[in-house]
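Trainee:
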Amino acid sequence: MSVTYGIDVLPENDPYIAIAETAMHGMSEATIPGRFLVDFIPLLKYVPAWMPGVDFQRKAKAWRDCTMQLVENPFAVVQQKLAKGEAMEPSFVSYCLGNMDSSGGDIDVQQRIIRDTAASLYEAGSDTTVSALNTFVLAMVCHPEVQRKAQTELDSVLPPGHLPDFSDEQALPYLSAIIKEVLRSIYPDPDTFNPDRFMKDGKLNPDIRDPSMAFGFGRRFCPGRHMAISSIWIAAASILTTFHLSKAVDNDGRVIEPSQEYLSGLIA
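If you're matching positions, the sequence shown starts at 183 in our numbering and goes up one per residue.
1. So G188 and V253 are in contact, right, with Cβ under 8 Å, and what is the actual spacing, rounded?
2. Keeping to the same chain, check which residues put their C-beta closer than 7 Å to that of V236; ignore five residues upstream and five downstream.
3. Would you identify the three-state DSSP class for L340, choosing helix, strand or coil?
4. Roughly how many angstroms separate the alpha carbons of R217 and Y277, rounded to a whole number?
5. Determine the direct distance from the alpha carbon of S273 to that of F399, and round the result to whole angstroms.
6. Beta-carbon within less than 6 Å of Q239's beta-carbon, same chain only, minus the 5 sequence neighbours each way: which residues are those?
7. Count the other C-beta atoms from every protein chain shown that fall within 10 angstroms of the C-beta of I360, then say buried if there are 16 or more, exposed otherwise.
8. For the candidate residues R402, E439, L345, whose alpha-carbon lies nearest to that of F425?
9. Let's see if you can read the secondary structure: which residues bound the alpha helix (DSSP H) around V253?
10. Under 7 Å Cβ to Cβ from L191, same chain only, skipping five residues before and after it: list those, please.
11. Does the distance from the C-beta atom of L357 to that of L422 stay below 9 Å?
12. With distances taken Cα to Cα, identify the nearest neighbour of K241 among K382, G208, C324.
13. Is DSSP giving K382 helix, strand or coil here?
14. With respect to the alpha helix (DSSP H) encompassing D350, which residues constitute its N-terminal and C-terminal limits?
15. Distance check for A353 and K331, CA to CA, integer angstroms please.
16. Examine the Cβ distances between the segment 372-392 and the segment 406-423 and report whether three or more of them are shorter than 8 Å.
17. Less than 8 Å between the CB atoms is what I'm expecting for A419 and V364, so what's the real figure, rounded?
18. Tell me where the alpha helix (DSSP H) around H408 begins and ends.
19. My assumption, with CB atoms under 8 Å, is that I368 sits in contact with R379. Please give the rounded CB distance.
20. Alpha helix (DSSP H) containing E363: first to last residue?
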């Protein structure tokens with residue numbers, strides 16, 4: 183939200199995050215093959231929404247409304263602040279609006295392109311990055327030996343009281359291996375969380391294929407992959423520097439084992 187719109191989100195109950203979560207949930211559910219009967223009987227799309235058995239139309243309308251709020255609301259905030267000359271953080275939208283070609287095209291069309299591109303940028307990066315970080319936290323909870331090894335590496339590189347930054351990345355190969363392990367899919371022994379598969383002699387092994395397949399292929403290769411990997415890396419590094427992650431316990435002090443099960447959808 184900050185990179186795209188220059189808007190700082192609230193620590194909790196942020197309206198933009200709430201809208202984005204609802205919109206992304208709708209997209210994830212709607213793209214499950216066979217999720218709705220209309221997937222098998224396309225003629226049902228012409229049935230009135232009030233008829234029993236066609237709740238997909240009501241859900242689609244609710245999800246569309248949320249999506250349009252996500253597309254329009256933060257963009258409108260940036261427009262208003264720029265029009266009033268208010269100071270705001272630099273962002274993708276403010277940069278693009280400030281560099282429109284007023285002499286070579288329809289301003290409304292340019293604004294609409296910027297608005298829709300910004301929404302795609304935010305939507306594409308929000309749930310996917312959160313999903314990867316959820317996997318990271320789950321892995322650290324379920325594999326404390328991996329967590330300890332990463333924290334030992336961080337402690338050996340960072341001065342006391344300092345948080346990591348990107349200048350430390352080269353000195354933290356095991357942490358980078360953890361991020362690769364979070365992103366990878368089909369590798370040898372795929373059900374085992376093993377960052378060492380990417381390591382050799384204390385360094386990242388260049389002979390092991392990078393898990394770039396998580397970002398697609400060819401013409402549809404994710405244009406934001408570098409930002410995504412950097413966001414995940416710095417978040418993971420900061421978490422491990424400041425926290426120790428462990429399994430929850432119930433009121434009687436018994437450890438609660440995480441299920442490690444994923445929900446089906448476009449974003450797992």
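For glycine and all other residues, C-beta sits at the position ideal for the given N, C-alpha and C.
Mentor: From the atom records:
1. Contact flag wrong, Cβ pair sits at about 17 Å.
2. L226, V229
3. coil
4. 40 Å
5. 28 Å
6. A231
7. buried
8. L345
9. 237-266
10. It is Val, not Leu, that sits at residue 191 in the sequence shown. For V191, where only same-chain residues beyond five positions count, the Cβ hits under 7 Å are M183, Y198, I199.
11. yes
12. G208
13. strand
14. Per DSSP, D350 belongs to no alpha helix (DSSP H) and is neither H nor E.
15. 14 Å
16. no
17. Contact doesn't hold; Cβ gap of about 13 Å is too wide.
18. 407-424
19. Not confirmed; about 12 Å, so no contact.
20. 355-365
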